[in-house]
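This report refers to the structure that appears directly beneath it.
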Amino acid sequence: RVLKEIARSETAYRALSVNWFKYSPTLQLFKELAASDYKVIVTTDHGTVCVNKPIKVIGDKNTTTNLRYKVGKALNYNKNEVFDITNPQKAMLPSPNVSSTYIFAKNRNFMAYPNNFNYYATYFKDSFQHGGISIEEMIVPLAVLQGKQ
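What follows is the structure, encoded as structure tokens:
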């Protein structure tokens, strides 16, 4: 919530991240390693997506709570708004129940339940979220850095 107030756009968020890095001990560490003969491999789990379009999903109390994907039984959703997997075994995904379905948000969509829909739509709009189907979620960044010595 605090980040959303400080950085109200994707551009502002990225600028804030760059500014943090410029003044962090991490940059100094990389500079010291660059002057050595060390090889450094930098990676992260994956990125995030700045979401901006809420879509309605109905599920039971055992449905997962993530905004960009859901796993549950008897999910009610618009098939045009999500990527769904109705047979998890075929996709080599675990199946908590016999009738489990996986749904993934596409593009910059995020999922909200109909009760308090407007509240959650406003609260999470323009926030950065994990999950879903996006290039940011599918590609794992990797950099190999070699010192100059």
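Just so we're aligned: the sequence shown equals residues -3 to 145 in the working numbering. Beta carbons are placed, not taken as given, at the ideal position from N, Cα and C, and that holds for glycine.
To the nearest angstrom, report how far apart residue i and residue j are at their CA atoms.
i, j, result
"D80", "P21", "43 Å"
"T59", "A70", "9 Å"
"A3", "V94", "43 Å"
"V47", "V136", "20 Å"
"Y98", "K52", "15 Å"
"V14", "F26", "15 Å"
Need the endpoints of the alpha helix (DSSP H) that residue i sits in, please.
i, result
"V(-2)", "V(-2) to I2"
"Q24", "P21 to A30"
"M88", "Note, M88: premise wrong, no alpha helix (DSSP H); not H, not E."
For residue i, count the other beta carbons within 10 Å of its own beta carbon; 16 or more makes it buried, fewer makes it exposed. Which is it?
i, result
"A31", "exposed"
"Q125", "buried"
"T61", "exposed"
Could you pull out every residue in the same chain whose Cβ sits closer than 6 Å to the Cβ of residue i, ignoring the five residues on either side in sequence?
i, result
"G43", "E132"
"V36", "L29 and L141"
Reducing DSSP to helix, strand and coil, say where residue i ends up.
i, result
"A70", "coil"
"Q145", "coil"
"P50", "strand"
"N58", "coil"
"I37", "strand"
At which residues does the beta strand (DSSP E) containing residue i begin and terminate?
i, result
"T7", "Counting along the chain, T7 falls outside any beta strand (DSSP E), though it belongs to the alpha helix (DSSP H) covering E6 to K18."
Suppose the cutoff is 7 Å on Cβ atoms and the five residues either side in sequence are ignored; what does the same chain contact list for residue i look like?
i, result
"A87", "I81"
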